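Visitor:
Number of protein chains: 2
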Amino acid sequence: MTARLSPSEVPAVPPRILLGPGPSTAHPRVLQAMMAPMIGYLDPDFMKILDEVSALLRRVFQTDDSLALAISGTGSAGMEAGINSLLEPGDTVVMCICGFFGGRMADMAERVGANVVTLQSEWGKPFPPDLLEAELSNHERVKLVTIVHAETSTGVLQPLGEVAALAKERDALLMVDAVTSLGGGRVGVDEVGIDYCYSATQKCLACPPGMAPVALGARALDAVRARGQKPTSWYLDLDLIAKYWGPEHVYHHTAPVSNIVGLREALRIVLEEGLDARIERHHRNAMALRAGLEALGLDLVVDARHSLDQITPVWIPDGVDDLEVRQTLLRKYKIEIGRGLGSFAGRVWRIGLMGESSRAENVFAFLSAMEEILPSVGYEVARGAGVAEASKLLAGSA
Amino acid sequence: MTARLSPSEVPAVPPRILLGPGPSTAHPRVLQAMMAPMIGYLDPDFMKILDEVSALLRRVFQTDDSLALAISGTGSAGMEAGINSLLEPGDTVVMCICGFFGGRMADMAERVGANVVTLQSEWGKPFPPDLLEAELSNHERVKLVTIVHAETSTGVLQPLGEVAALAKERDALLMVDAVTSLGGGRVGVDEVGIDYCYSATQKCLACPPGMAPVALGARALDAVRARGQKPTSWYLDLDLIAKYWGPEHVYHHTAPVSNIVGLREALRIVLEEGLDARIERHHRNAMALRAGLEALGLDLVVDARHSLDQITPVWIPDGVDDLEVRQTLLRKYKIEIGRGLGSFAGRVWRIGLMGESSRAENVFAFLSAMEEILPSVGYEVARGAGVAEASKLLAGSA
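In order, the protein sequence lines correspond to chains G and F.
So my numbering is basically just the index in the first sequence, starting at one, shifted up by 2.
So my numbering is basically just the index in the second sequence, starting at one, shifted up by 2.
As structure tokens, then:
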């Protein structure tokens, strides 16, 4: 039984300029770090690495009070670990939803038998806190309030202050999705007062996908430990996971060594650049992209006050074929952008500038490609206008 | 906020000879493959890679009839995906247990509200099928029978034929844990008739930990799709995962790109060596290790007829300190071996020879280290006896 593949049969991983919703470009130092040899999941030297990742994560989550760790799965595993561990059957959870990923969270909560209340508000705008306030008054006890910080599907940056205050007032735990903001935006776990915050590695951390960094506050951990029955999932049981990452380092499952070593390097890079400088870089490149898109006559989905710097949704002009443009971008220019999800499907493109993908050269590459493609699909643009506008904002930056 | 680390502060990943229960040594070609750049999880070129991984996995699982895929988590995630997706509340599952990992499976099944029947038999011996036969006659309907093929905690290779026949006779699904055997032993999914078989990447596949390859038969997939209520976990819902890996490639979660590309390389390496040759290599090195251990006067836990070639448990001689020996091995010789689990804790050492760790030079390195260490902890051995015995069986091999 042999299967030596000739080179022509081997599909390679082709190069891409990744301007979609993630994965973003992985930092070469992260990929190199992941080449480290294997080591045992309870080896004393590996425990030092775990401790370092935990300490670095606390700085990126901006928390002194929470235990920070990385779950052995993608961002959705971080989402489900929270839902699964914080909710017991019959517990009431109020979900503030104004995008695609709120729906996934509700599906998870229904699976564990929670009493799920979903509050839906308009896509492309922040969630209005008064909707939450009104709903909370309908319930005697709410265990958990959930909200998405950076809505990848709509490109909205959600202000968290009022929502957090309302949850606190009612003694409900607050769970926040920071999948798209961590490492490229200000998450501020302690400042906001987030009890459970989860993210992913393949967006602003410039790491391959495969882990979900989370910050687990004392109130959330108490809630997990006070449960009447175990969470429905063993693999995503935050109590067991916290015991492995905590000082006692109790075996739970074999840790994904390479992913953890890669994440460590990614976090070091974030802090070497400096969190403030990195947030500023994401902002500057997003501003340039938005200016360039507008110079091409395209309409942005989100109001400037609420735009997310990590992903910019833009309306597809009337008569322009969504798929044709995205396929040309991918095939001819090697550029991936995001399609619209849910009610935005076919109506919106989403351009991500996250982590290593948030670079001036990518803004220019994308805008100039669009300047070539759009006229060929019947939408006239002034060639050079987008790039020119963006370059004004990017003078001297990278 | 900067944190440039000086080299002295950076804990490196130190080199190890990994002879524990996994992770084993990762093949350098696998680590190199994982350095490939990122690509989108629905990119047409990435779909080709998924399809190739699936086809290669079918060959290693020895199945034409099952869908093969890799779950985005470690081996335990593969275990829980099966338990979670195949069992509904009230369903009866009969678990054949003669080691540590059966207990974990029972915990998972209880969490989803199944009627869990655990059959325990003696550690260090195969599970006796007549125990299952007697139990099955007590139930009108059994949904699932579970068993571990290669018990890492006890070093026993479980014959599967009779157990499979009993499950089939009663129309129960058969779930098999092949975490330690896949890629180093004969799993034979079609030949045995396994409905759900799961494994892990960090043992005989010589890949870093982080994914759980599984083979999902048609009967198992039918059972998942015929459920009255959704599985309690969304992340581990085999129906949704199968739709991403199947020909329709429906988005579920962001695939862990690097881990999948690494797994592809690992599977190519397995088939280049040839599954038969690889199984023979594992057998030859295990025979040499066992001969060497016996030449040092140590007693093997498992009878020769039922020994697992991937991990060899040996009784710790009276008066010898377990931890002292393992720590000396790790600190002085950079060799990791496994400790005893459960009732074997403190009584047994487990020496793994899996994937790239199953090499003649590792057998010699371990035996010669033990020949130096054992006399220093009060257990006399004839220096050179173990290595000499092993070398007789390893003449001309690697």
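Backbone N, C-alpha and C define an ideal beta-carbon position, used for all residues, glycine too.
Since the structure is predicted, the reported quantities are computational estimates derived from the model, not experimental observations.
Would you check if the distance between the CB atom of Gly92(F) and the CB atom of Asn117(F) is smaller than 8 angstroms?
Guide: Yes, the pair counts as a contact, with Cβ atoms nearer than the cut-off.
Visitor: Just verifying my parser: in three-state terms, what is the DSSP assignment at Trp247(F)?
Guide: Looking at Trp247(F) - three-state DSSP - the assignment turns out to be helix.
Visitor: Give a yes or no on whether the C-beta atoms belonging to Ala72(G) and Val263(G) are separated by under 8 angstroms.
Guide: Contact flag unset, no.
Visitor: What is the DSSP secondary structure of Glu124(G), counted as helix, strand or coil?
Guide: The answer is coil: DSSP assigns Glu124(G) none of H, G, I, E or B.
Visitor: Between Val272(F) and Arg266(F), which are expected to be in contact by the criterion C-beta below 8 angstroms, what is the C-beta distance as a whole number of angstroms?
Guide: Wrong, their Cβ atoms sit about 11 angstroms apart, outside the cutoff.
Visitor: For Gly80(F), report the span of its alpha helix (DSSP H) as first-last.
Guide: Start and end: Gly77 to Leu88.
Visitor: Output needed for Ala387(G): all residues of its chain with C-beta closer than 7 angstroms, excluding positions within five of it in sequence on either side, in chain order.
Guide: For Ala387(G), where only same-chain residues beyond five positions count, the Cβ hits under 7 angstroms are Ala297 and Leu298.
Visitor: In chain G, what lies closer than 8 angstroms to Val263(F) by C-beta?
Guide: Ordered by position in chain G, the residues that pass the 8 angstroms Cβ test against Val263(F) are Val15.
Visitor: Could I get the ranges of all uninterrupted beta strand (DSSP E) runs contained in the stretch 15-53 of chain G, with 3 residues as the minimum, in chain order?
Guide: Here the runs fully enclosed are 19-21.
Visitor: For chain F, check one thing: does any of its Cβ atoms lie closer than 8 angstroms to the Cβ of His151(G)?
Guide: With 8 angstroms as the cut-off, His151(G) does not count as an interface residue toward chain F.
Visitor: Please tell me whether Ser74(F) has its Cβ less than 8 angstroms away from any Cβ of chain G.
Guide: Yes, Ser74(F) lies at the interface with chain G (some Cβ there is under 8 angstroms from its Cβ).
Visitor: Within a Cβ cutoff of 7 angstroms, which residues of the same chain sit near Val252(G), ignoring the five residues on either side of it in sequence?
Guide: Lys245 and Tyr246.
Visitor: Tell me which residue opens and which closes the beta strand (DSSP E) that Gly354(G) is part of.
Guide: Here the beta strand (DSSP E) through Gly354(G) covers Val350 to Gly354.
Visitor: So, is the C-beta of Ala444(F) closer than 8 angstroms to a C-beta in chain G?
Guide: It is not possible to answer for residue 444(F), since the shown part of chain F is limited to 3 through 400.
Visitor: Based on Cα-Cα distance, which residue from Gly115(G), Gly80(G), His141(G) and Glu153(G) lies nearest to Phe103(G)?
Guide: It is Glu153(G) whose Cα lies nearest to the Cα of Phe103(G).
Visitor: At 9 angstroms on the CB atoms, spell out the chain G contacts of Arg113(F), in chain order.
Guide: Within 9 angstroms Cβ-Cβ: Gln231, Lys232, Pro233, Thr234, Ser235, Trp236 and Asp239.
Visitor: Leaving out the 5 sequence neighbours to the left and right, which residues in its chain are closer than 8 angstroms to Pro131(F) when beta-carbon positions are compared?
Guide: Around Pro131(F): Glu164, Val165 and Leu168.
Visitor: Starting from Met213(F), follow the beta strand (DSSP E) in both directions and report where the run begins and ends.
Guide: No beta strand (DSSP E) holds Met213(F); DSSP gives it neither H nor E.
Visitor: What residue range does the alpha helix (DSSP H) around Leu331(F) cover?
Guide: Residues Asp324 to Tyr335.
Visitor: Is Met97(G) near Ala108(G), with beta carbons less than 8 angstroms apart?
Guide: Yes, the Cβ-Cβ distance between Met97(G) and Ala108(G) is below 8 angstroms.
Visitor: With a cut-off of 8 angstroms, does the C-beta of Ile41(G) fall near any C-beta of chain F?
Guide: Yes - at least one Cβ of chain F is within 8 angstroms of the one on Ile41(G).
Visitor: Name the chain F residues that come within less than 7 angstroms of Gly24(G), Cβ to Cβ?
Guide: The contacting residues are Thr256.
Visitor: Which residues does DSSP list as the beta-bridge partners of Val118(F)?
Guide: Note: Val118(F) sits in a beta bridge opposite Val95(F).
Visitor: Across which residues does DSSP place Val147(F) in a beta bridge pair?
Guide: In the DSSP output, where bridge partners are listed per residue, Val147(F) has Val96(F) and Leu176(F).
Visitor: Given that a residue counts as buried once 16 or more other Cβ atoms are within 10 Å of its Cβ, and exposed if not, what is Asp179(G)?
Guide: Buried.
Visitor: Give me the Cα-Cα distance between Glu373(F) and Leu332(F), rounded to the nearest whole angstrom.
Guide: If you take the alpha carbons of Glu373(F) and Leu332(F), they lie about 15 angstroms apart.
Visitor: Which residues bound the alpha helix (DSSP H) around Val189(F)?
Guide: No alpha helix (DSSP H) holds Val189(F); DSSP gives it neither H nor E.
Visitor: Starting from the C-beta of Gly411(G), find all residues in its chain whose C-beta is less than 6 angstroms away, skip the five residues before and the five after it, and write them out in chain order.
Guide: Not covered by the structure: residue 411(G). The range shown for chain G is 3 to 400.
Visitor: Which two residues bound the contiguous alpha helix (DSSP H) that contains Ala222(G)?
Guide: Ala220 to Arg227 is the extent of the alpha helix (DSSP H) around Ala222(G).
Visitor: Please identify the residue among Gly294(F), Ser183(F) and Phe48(F) whose C-alpha is closest to the C-alpha of Ala257(F).
Guide: The residue with the shortest Cα to Cα distance from Ala257(F) is Phe48(F).
Visitor: So, is the C-beta of Gly77(G) closer than 8 angstroms to a C-beta in chain F?
Guide: Judged by the 8 angstroms Cβ criterion, Gly77(G) is in contact with chain F.
Visitor: In chain G, which residues lie less than 8 angstroms from Asp224(F) when you measure between Cβ atoms?
Guide: Within 8 angstroms Cβ-Cβ: nothing; Asp224(F) doesn't reach chain G, min ~20 angstroms.
Visitor: Please decide whether Leu355(F) counts as near chain G, where near means a Cβ-Cβ distance under 8 angstroms.
Guide: Judged by the 8 angstroms Cβ criterion, Leu355(F) is not in contact with chain G.
Visitor: Report the neighbours of Ser370(F) on chain G: residues whose CB is nearer than 9 angstroms to its CB, in chain order.
Guide: The contacting residues do not exist; Ser370(F) stays about 21 angstroms from chain G at best.
Visitor: Kindly list, in the order they appear in chain F, the residues whose Cβ is closer than 9 angstroms to that of Asp109(G).
Guide: Lys232 and Trp236, listed in chain order.
Visitor: How is the beta strand (DSSP E) around Leu71(G) delimited, first residue to last?
Guide: From DSSP, the beta strand (DSSP E) with Leu71(G) extends over Leu69 to Ile73.
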